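Trainee: If you read the protein sequences in the order shown, they are chains S and Z.
Its first residue numbered 1, the first sequence is counted upward by one per residue in this note's numbering.
Its first residue numbered 1001, the second sequence is counted upward by one per residue in this note's numbering.
The beta carbon of each residue, even a glycine, is placed where N, CA and C say it ideally should be.
Model, not experiment: these values are computed from the prediction.
Let me give you the structure first, and then I'll get to my questions.
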Amino acid sequence: MLKQRPFLIETLTAIGLIVAPFVLPHLGFAPNTVNRILVWGLFGLGFDILFGFTGLLSFGQSAFYGTGGFVAAYLLTRAGFSNVLGALVIGMIAAAATGYLVGLIALRRTGIYFAMITVAIAEVFFFVEFNPLSDFTGGENGLPGVPAPSFNLGFTTIHFTDGWSLYQFIALCYFIGVIIALRIVRSPVGAILSAIRDNPLRATAVGHNIHGYKLTAFVIAAAYAGFAGGLLGVLQAFMPPDAFTFDTSGQLVMQTAIGGRGTLFGPLVGATVWLFLQDFLQSALGLGAAWKLVLGVVFVLLVCFLRGGIVGGLVDLYGLVSGKRARKAAETEEAEVETPQQAPPAPMQAKQVEHPAYSGPILKATGLTKRYGGLVANSDIDFSVNQGELRGIIGPNGAGKSTFFKMLTCEIPPTSGQIMFAGRDITGLKITEVCQLGLTKSYQVNQLFTGLTVRQNLRIAALAELRGKFRLDLFRSLSGVKGLTEQVEHTLALVNLTRRADTPVSELAYGEKRRLEIGLALATSPRLLLLDEPLAGMSPRERVETVKLLKSIARGRTMIIIDHDMDSLFELVERVTVLQEGRVLVSGTPEEIKTNAAVQEAYLGGVHGEIAA
Amino acid sequence: MISWPNLVSQLFNGLALGALLALISSGLTIIYGTLGVLNLAHGAMFMIGGYAGFVTYQYTESFILAVIAGSLFVMLLGVVMERTIIRHFYHRPHEDQLLVTFGLGICFVEIIRLIFSSQSQLVPPPAIFQGITNLGFMFYPTYRLAVVGIVAIALGALFIILYRTRLGMIVRAGIEDSVMVDSLGINVYRVFMVVFGIGAMAAGFAGIVNAPVVSLTPGIGDDILVQTFVVVVIGGVGSFPGAILGGLIAGEIISVTSMFNPGYAYVMLFAAMTLVLVVRPHGLLGVQGRE
């Protein structure tokens, strides 16, 4: 729906905003209420990018709402500034700058820590507004006398005073806010934000600087909050100090969850429900102070039973009604495509970074050691792999194979030793940088972006290769990224998932997930690919297919594969390294390894015989 | 303005507040450490403890009964909350857990507001702790001294539960690795219920013990919750000793800063938290790897 008509949502929003003043009065909405809903909606657009799209639940947005609001109000009431729009923009910038500084601290931790830190920071802002800065902010009196905007167009001056007149101004601000938010969400940055929400570990591993992107989302949310805070002052002709209270942050969170997170319009819907119920319960039903209890109960029930909120519920409902037809069509199509599935995978197009200056081994580890307290996982490993080689690593359980891989990809730092990749010392680098250099791995346990489709998954990985680890192309559309479609389509074909491209990961079969896991690593176009047990948990038939897939990938690429399936591994690789108890036991061709007495000893505990029979 | 007796008296205030914060934070932190759920309704538990005690006191005029009833009522509330709602959230994302406990906290506050109105309520201290004590160099409200002692006893009891009983061993093991505890054949879900009850009780107990110091209002738990967060961040999530250390630090910072200018109390508290986050991101006594 979104792809077919790119400006559908923008158009519908515009129509809705234009029609609202003619319809809403008949439903009992006062213009002032509608304006307040729009301010909350605008506030929520930024918050939804932070919470709904990036998965960062902040309980401290009041800090930026208040900052933007008071900076704008101060300029307009005390500093003799007369340009309302200018003041709003300056307030927004001040809030964004504050957001940047706060983000630096709050984003040092994730999850519940993040939530707790944002609460604490917002509380500080509240107290600072009331005490040390009360000369500027009016303390508990706030700042009265915030003027309404007017624009001098040369021949005439437009005044937006109050009520529906002011509505035009606020609605225009909201509309612009929606357009910008939609652009951000559909940009490469937006795609990466969703990936961070779904699986921050993998987003890092495929080469994105997620801290930078999280900070970006945080600043965006702060900017929206700051502008909305300024509008609040304009709307009420008074900047209230309670903009800074924890209740403000809480109300925003609740409205967003009620309306539906990750939908952009959820906060607007939530604010509508909130303000409507507040009026309705208080005046029509005469519930008085109990209205908040009713809203609290509604909120808890929604969180328990309707995770996507109202908008999410409607989208699901729409999907249920329209999806049945679409699924039927897809099923028949699937049945038709079933037969040519056995066709050989697309030939590998070797996309290698040229490196003429260097011709030595692509990977060389010396004296690599990892200790956990007294436990030695890897001890003094010397290991080197040549360009274009296919290396296998085997070893009994607990031999330190996965630890070894984690050190090579810089997921964990070695206790001692050195790792050289393509002639460059990568010891101590971050996993993101190493991936950007062209070294990545597929995980032993699937690390996918579970909320996204197959195509979106591969896009995340390909974007890291095409855009580098951090880039702020907030207003570029995904289709504007050169080579993205080709790289994703190519990877899809390579891992034989083209038919499943638009299926959510959660609906994939295990073998398909496994192939996507390899695809994620492949889509970053690595020069050296590590595969940690790519065949684990697969049925014999899936193994045969995956071995075929690995062979096709291997053309023109260097790969190191850990696996327990020695038949398959020995068929694939040119050389095998055997690890035992954290040390290299022996290295050699598959034939040599098969007949090596020490290896048989390691695996069979001294019983002589052919291994991997 | 700043005299020695004044400073010492503020240090004592800080100790009393710190001890209370330590107790409340211990409840929050063992719940989080064991269940993985950050209970945003914890402040409301503290508040309800105060009100439950207040009602008991109205009927019995006995402070001891008020403390017992307040604690038990909140423990029961915690157990019911865990059984009916929280347990459905163990396998849902952290955000959902935060949202649902946040919503429950608001419901609790509004229910209390509906019953008792927003007016503040008073619970007098027990007769033996009324008045002021002459400490030789200054006079100090007797009950505040008693609070330190009462809370210390409660913390001691919590310590014995955590470090000297089978349940405590399971709880501490669960904080380290709950999957492992589960696979050892221990019914973690029953342990979860008990831990939630004990954690809530810690807050409820603190709520009624604190009631004679400040007057009760429905919103009393909100500030405490924020301070508790700072304590937990400073001390390290999931760490009982960390909660005590963090509580005392936070209590002293708030009290001593208030002596100069109450407006800066939170700023200083926040500065301390930031410092800890920069120097030791996992908290002073926190364990790495637990998010």
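(1) I want to see whether chain S comes within less than 8 Å of glycine 1221 of chain Z, judged by CB atoms only; does it?
(2) Examine the Cβ distances between the region 1083 to 1090 of chain Z and the region 1054 to 1068 of chain Z and report whether three or more of them are shorter than 8 Å.
(3) Excluding sequence positions up to five away, which residues of its chain have a Cβ less than 7 Å from the Cβ of glutamate 411 of chain S?
(4) Taking a cut of 7 Å between CB atoms, which residues from the region 117 to 137 of chain S lie near chain Z?
(5) Can you find a CB in chain S that lies within less than 8 Å of the CB of isoleucine 1249 of chain Z?
(6) What's the C-alpha gap between proline 1218 of chain Z and phenylalanine 299 of chain S?
(7) Locate the beta strand (DSSP E) running through serine 587 of chain S, then write down its first and last residues.
(8) What separation, rounded to the nearest whole angstrom, lies between the Cα atoms of threonine 440 of chain S and proline 21 of chain S?
(9) Helix, strand or coil: how does DSSP classify valine 206 of chain S here?
(10) Tell me whether isoleucine 394 of chain S sits in a helix, a strand or coil according to DSSP, three-state version.
(11) What residue range is occupied by the uninterrupted alpha helix (DSSP H) comprising alanine 1257 of chain Z?
(12) So which of S:Gly367, S:Phe227, S:Ala237, S:Leu306 has the shortest CA-CA distance to alanine 97 of chain S?
(13) Please decide whether isoleucine 996 of chain Z counts as near chain S, where near means a Cβ-Cβ distance under 8 Å.
(14) Residues of chain Z with a CB under 8 Å from the CB of valine 253 of chain S: which are they?
(15) Using the C-alpha atoms, what's the distance from methionine 92 of chain S back to glycine 99 of chain S?
(16) Can you check the region 365 to 410 of chain S for any alpha helix (DSSP H) of at least 4 residues that lies completely inside it and give the ranges in chain order?
(17) Are the C-beta of glutamate 1252 of chain Z and some C-beta of chain S separated by less than 8 Å?
(18) Alpha helix (DSSP H) containing glycine 163 of chain S: first to last residue?
(19) In three-state DSSP terms, what is histidine 26 of chain S?
(20) Taking 8 Å as the threshold (C-beta atoms), are isoleucine 1031 of chain Z and phenylalanine 1196 of chain Z in contact?
(21) Hey, is glycine 1263 of chain Z's beta-carbon within less than 8 Å of any beta-carbon in chain S?
(22) Can you pull the chain Z residues whose beta carbon is under 8 Å from the beta carbon of arginine 202 of chain S, in chain order?
(23) Report yes if the C-beta distance between leucine 232 of chain S and valine 39 of chain S is below 8 Å; otherwise report no.
(24) Could you compute how far the alpha carbon of phenylalanine 1046 of chain Z sits from the alpha carbon of phenylalanine 114 of chain S?
(25) Return helix, strand or coil for tyrosine 443 of chain S, following the three-state DSSP convention.
(26) Counting only Cβ pairs nearer than 8 Å, list the residues of chain S close to methionine 1273 of chain Z.
(27) I need the boundaries of the beta strand (DSSP E) containing glycine 417 of chain S, first residue and last residue.
(28) Assign threonine 1060 of chain Z to one of three DSSP states: helix, strand, or coil.
(29) Check the DSSP bridge columns for isoleucine 561 of chain S and list the partner residues they point to.
(30) Among S:Leu569, S:Met559, S:Ala462, S:Leu452, which residue has its Cα nearest to the Cα of lysine 513 of chain S?
(31) Report the partner residues of leucine 579 of chain S according to the DSSP bridge assignment.
(32) Which two residues bound the contiguous beta strand (DSSP E) that contains tyrosine 1140 of chain Z?
(33) Please compile the residues from chain Z whose C-beta is within a distance smaller than 8 Å of the C-beta of leucine 57 of chain S.
(34) From leucine 522 of chain S to threonine 13 of chain S, what does the alpha carbon distance come to, in whole angstroms?
(35) Alpha helix (DSSP H) containing phenylalanine 276 of chain S: first to last residue?
(36) Within the present structure, is the beta-carbon of glutamine 61 of chain S separated from the nearest heavy atom of the ligand COA by less than 7 Å?
Mentor: Taking the geometry as given:
(1) no
(2) no
(3) Ile431
(4) Ile117, Val119, Ala120, Ile121, Glu123, Val124, Phe127, Val128, Phe130, Asn131, Pro132
(5) no
(6) Going by the C-alpha atoms only, they are around 20 Å apart.
(7) 583 to 588
(8) 55 Å
(9) coil
(10) strand
(11) The sequence as given places threonine at residue 1257 of chain Z; alanine does not occur at that position. Per DSSP, threonine 1257 of chain Z belongs to the alpha helix (DSSP H) from 1240 to 1260.
(12) S:Phe227
(13) Missing from the structure shown is residue 996 of chain Z; chain Z here goes from 1001 to 1291 and no further.
(14) Leu1099, Phe1102
(15) 10 Å
(16) 401 to 408
(17) no
(18) Per DSSP, the continuous alpha helix (DSSP H) segment holding glycine 163 of chain S begins and ends at 163 to 186.
(19) helix
(20) A contact, by the Cβ cut-off of 8 Å.
(21) yes
(22) By Cβ distance, chain Z contributes nothing, its closest Cβ being about 16 Å from arginine 202 of chain S, past 8 Å.
(23) yes
(24) 23 Å
(25) coil
(26) Per Cβ cutoff of 8 Å: Ile117, Ala120.
(27) If you look at glycine 417 of chain S, you'll find it in the beta strand (DSSP E) that goes 416 to 421.
(28) helix
(29) S:Gly392, S:Leu531
(30) S:Leu452
(31) S:Val584
(32) 1139 to 1141
(33) His1094, Glu1095, Leu1098, Leu1099
(34) Between the alpha carbons of leucine 522 of chain S and threonine 13 of chain S lies a gap of roughly 40 Å.
(35) Judged by DSSP secondary structure, phenylalanine 276 of chain S falls within the alpha helix (DSSP H) whose first and last residues are 266 to 279.
(36) With respect to small molecules bound, the structure shown includes none, and the ligand COA cannot be examined in it.
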